[in-house]
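Student: Sequential numbering from 6 applies to the sequence shown in the numbering used here.
For each residue, glycine too, the CB sits at the ideal point set by N, CA and C.
These numbers come from a predicted model, not from an experiment.
Before anything else, here's the structure in question.
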Amino acid sequence: MKPRLSIGLIGHGFMGRAHSHALHDLEFFFDPGVAVVRKTLCGIGDDVAGTAARYGWQGWTNSWEEVIADPEIDAVSICTPGDAHREIAVAAAQAGKHVLCEKPLANSLAEALDMYEAARSAAVKHVVNFNYRKLPAVALARRFLQQGRLGEVRFFRATYFQDWALSPDVPFLWRFDKAKAGAGSMADNGSHIIDLARWLVGEFAEVAGTAEITVKERRSVEDGAIRPVTTDDTAAFLARFENGAIGLFATNRTSAGHKNALVFEVTGARGALVFDLERLNELQVYFYDEAPERQGFRTIMVTDPSHPYISRWWPPGHVIGWEHGFVHQYYEFVKAIAEDATPSPTFYDGMKAQAVLEAIETAWRGKRWAPVPDTEA
Ligand code: SOE
């Protein structure tokens, strides 16, 4: 019989649902080397018990401290708003539990450094859920870059547009509160494209950017009061990478017509790659070393068993979806625990993305270029 690994999941909203689903599917498609027990779902608010039963959790609680104190729980997943990440992650690591935390890792660089340090010194496995790294087409882009198919990378552009916050009638949510969310579209959506840039191009050196709160106040559903919005809904920045490449980034959650539009392009000396999340089974490639008469962007359908992760799923052309990235992330997290290996991306990556977010805020407030803080010292 396989050894068991018991998980406690903190947060039963949208992300709690995505994580519960990933754990539900994990062993149907993958063999992470242990039998995963969905032990406890923790949440505050509506019907945690009913949600836990529906998502297949053995038990439920309203207290995250109870999850950390449970000696039977080996690993903790954190799906709360950002202001609770540091406290829960540090407590979990200090209790010897492996930790997987939603992005952005924290609400500030100082918090992210604390979390990274706590996880490192407790020698537990730690993962920040930058789930888009785990999509086959994105992993294929990384494979081509590692193979040198693009040559030296010179330019990266990424935009992440949504329109769920476009209407001023959208009520005041925690994402509009800087104290809870840390920042707005640049932290929520921007952290994803910052992480992808680090993964595909390299470390950031400096940034210059700006941001705006377009809808300045919203009505609270709790008490009907009008509250000031303190997080950006639109942001843009320019970057220089340590390797000399230049980057161009924008995020907007009031971007009419865009539902979940994460697009990036990597341009190198010998070719280019384009990914669009709304067509996530595809990767557009252009290889300059092809004969001129055949040159041009073409689309690879990333559903072949030779492509990352795909051999566990369906035959070629039988497309996968957004949620599969979460299954892949859990597979790698649990397997790393089972094999005592290092999963990715880790709290180190979460902390490095946080350093870039901090530099963007410095640049925006000071109307200048800002170096990315040195976190290696
Ligand atoms: C909301 O903007 C959100 O759910 C983000 O928080 C996620 O990270 C992103 O994947 C989808 O959009």
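Would you call H17 buried or exposed, if buried means 16 or more other Cβ atoms sit within 10 Å of its Cβ?
Tutor: Locating residue 17 in the sequence shown gives position 12, where the first residue counts as 1. So H17 ends up on the buried side.
Student: Expressed to the nearest angstrom, what Euclidean distance is found between the alpha-carbon atoms of A98 and A124?
Tutor: Stepping through the sequence shown from its first residue, residue 98 is reached at position 93. Stepping through the sequence shown from its first residue, residue 124 is reached at position 119. So the two alpha carbons sit approximately 5 Å from each other.
Student: Have a look at V206 and S196 and give me their C-alpha separation to the nearest angstrom.
Tutor: As a first step, residue 206 must be located in the sequence shown, where it is residue number 201. As a first step, residue 196 must be located in the sequence shown, where it is residue number 191. The alpha-carbon atoms of V206 and S196 are separated by roughly 15 Å.
Student: Excluding the 5 residues preceding and the 5 following A27 in the sequence, name in chain order all residues of the same chain whose CB lies nearer than 8 Å to its CB.
Tutor: For the purposes of this step, residue 27 is taken as the residue at position 22 of the sequence shown. Same-chain partners within the cutoff: E328, F331, V332, Q334, Y335.
Student: Can you give me the C-alpha to C-alpha distance between A57 and V72, rounded to a whole angstrom?
Tutor: Here residue 57 refers to the residue found at position 52 when the sequence shown is read from its first residue. Here residue 72 refers to the residue found at position 67 when the sequence shown is read from its first residue. In a straight line, the C-alpha of A57 is about 14 Å away from that of V72.
Student: Please state whether DSSP places R154 in a helix, a strand or coil.
Tutor: The residue you call residue 154 lines up with position 149 of the sequence shown. R154: coil per DSSP, three-state reduction.
Student: First and last residue of the alpha helix (DSSP H) that includes R22?
Tutor: Here residue 22 refers to the residue found at position 17 of the sequence shown. Per DSSP, R22 belongs to the alpha helix (DSSP H) from 19-34.
Student: At a cut-off of 7 Å, is F33 close to ligand 1 when judged by its beta-carbon and the heavy atoms of the ligand?
Tutor: For this step, residue 33 is matched to residue 28 along the sequence shown. Checking the Cβ of F33 against ligand 1 gives no.
Student: Might you give, ordered along the chain, the residues of its own chain that have their beta carbon closer than 6 Å to the beta carbon of A96, omitting 5 neighbours on each side?
Tutor: Reading the sequence shown from its first residue, position 91 is the one you call residue 96. Here the set comprises I73.
Student: List, from N- to C-terminal side, the beta strand (DSSP E) runs of 3 residues or more that fit wholly inside the stretch 80-153.
Tutor: Here the runs fully enclosed are 80-83, 103-106, 131-133.
Student: Since L10 sits in a beta bridge, which residues does DSSP pair it with?
Tutor: Within the sequence shown, the letter at position 5 stands for residue 10. Looking at the DSSP assignment, L10 forms a beta bridge with V41.
Student: Please determine, among V41, N194, A186, the residue with the shortest C-alpha to C-alpha distance to S260.
Tutor: On the sequence shown, residue 260 is found 255 positions in, with the first residue counted as 1. The candidate whose alpha carbon is nearest that of S260 is N194.
Student: Can you tell me whether H197 sits near ligand 2, meaning its C-beta is under 7 Å from at least one heavy atom of the ligand?
Tutor: By its list of ligands, the structure shown excludes ligand 2, since it contains just ligand 1.
Student: Quick one: residues in its chain with C-beta nearer than 7 Å to the C-beta of H24, no 5 flanking neighbours on either side, listed in chain order?
Tutor: Here residue 24 corresponds to residue number 19 of the sequence shown, with the count starting at 1. Excluding positions up to five away in sequence, the list reads L14, S82, C84, F331.
Student: Hey, which unbroken runs of the beta strand (DSSP E) at 3 residues or more fall wholly within the stretch 173-227?
Tutor: Those beta strand (DSSP E) runs which fall completely within the stretch 173-227 and span 3+ residues are 209-217, 222-224.
Student: What is the DSSP secondary structure of R59, reduced to helix, strand or coil?
Tutor: The sequence position of residue 59 within the sequence shown is 54, counting from 1. R59 falls in the helix class under three-state DSSP.
Student: Run through the DSSP bridge pairs and tell me what W318 is partnered with.
Tutor: Against the sequence shown, residue 318 aligns to sequence position 313. Note: W318 sits in no beta bridge, so no partner.
Student: Identify whether R370 lies in helix, strand or coil by the three-state DSSP scheme.
Tutor: Reading the sequence shown from its first residue, position 365 is the one you call residue 370. Helix.
Student: Of all the options Q63, D237, F34, P86, which has the alpha carbon lying nearest to the alpha carbon of I49?
Tutor: Counted from its first residue, the sequence shown places residue 49 at position 44. Looking at the Cα atoms, P86 is the closest of the given residues.
Student: Do the stretch 171-183 and the stretch 199-214 meet, that is, are 3 or more Cβ pairs less than 8 Å apart?
Tutor: No contact exists between the stretch 171-183 and the stretch 199-214.
Student: Looking at chain B, is there any beta carbon in it that lies within less than 8 Å of the beta carbon of R245?
Tutor: The question asks about chain B, but that chain is absent: this structure has only one protein chain.
Student: Would you call the stretch 287-295 and the stretch 122-137 in contact, with 3 or more CB pairs under 8 Å?
Tutor: Contact between the stretch 287-295 and the stretch 122-137 is absent, because fewer than three Cβ pairs lie under 8 Å.
Student: Any chance the CB of Q167 is under 7 Å from a heavy atom of ligand 1?
Tutor: Reading the sequence shown from its first residue, position 162 is the one you call residue 167. The answer is yes for Q167.
Student: According to DSSP, is W169 helix, strand or coil?
Tutor: Within the sequence shown, residue 169 is the residue found at index 164, counting from 1. Three-state result, W169: coil.
Student: The alpha helix (DSSP H) with F302 in it runs from where to where?
Tutor: On the sequence shown, position 297 is the one that residue 302 refers to. Taken as a continuous stretch (DSSP letters only), F302 belongs to no alpha helix (DSSP H), as it is neither H nor E.
Student: Do the stretch 333-352 and the stretch 149-158 meet, that is, are 3 or more Cβ pairs less than 8 Å apart?
Tutor: Judged by Cβ distances under 8 Å, the stretch 333-352 makes no contact with the stretch 149-158, as fewer than three pairs qualify.
Student: Put V271 into one of helix, strand or coil per three-state DSSP.
Tutor: Working through the sequence shown from its first residue, we reach residue 271 at position 266. Reduced to three states, the DSSP call for V271 is strand.
Student: Is L253 closer than 8 Å to R162 when the C-beta atoms are compared?
Tutor: Along the sequence shown, read from residue 1 onward, the residue named residue 162 stands at position 157. Along the sequence shown, read from residue 1 onward, the residue named residue 253 stands at position 248. Going by C-beta atoms, R162 is nearer than 8 Å to L253.
Student: Touching or not, the stretch 182-192 and the stretch 109-117, by the rule of three or more beta carbon pairs under 8 Å?
Tutor: As far as the Cβ criterion goes, the stretch 182-192 touches the stretch 109-117, which means the pair count is three or higher.
Student: Mind checking V290: buried by the 16 CB within 10 Å criterion, or exposed?
Tutor: Stepping through the sequence shown from its first residue, residue 290 is reached at position 285. Its Cβ being crowded by 16 or more others within 10 Å, V290 is buried.
Student: Using a Cβ-based criterion (distance less than 7 Å to any ligand heavy atom), does N194 qualify as near ligand 1?
Tutor: Reading the sequence shown from its first residue, position 189 is the one you call residue 194. Under cutoff, so the answer is yes.
Student: State the Cα-Cα distance for the pair R43 and G229, rounded to the nearest angstrom.
Tutor: Here residue 43 refers to the residue found at position 38 when the sequence shown is read from its first residue. Here residue 229 refers to the residue found at position 224 when the sequence shown is read from its first residue. Approximately 37 Å, taken between the alpha carbons.
Student: Go ahead and pull the three-state DSSP assignment for E363.
Tutor: As a working note, residue 363 is residue 358 in the sequence shown. Helix at E363.
Student: What's the C-alpha gap between P321 and R223?
Tutor: Counted from its first residue, the sequence shown places residue 321 at position 316. Counted from its first residue, the sequence shown places residue 223 at position 218. So the alpha carbons of these two residues sit roughly 46 Å apart.
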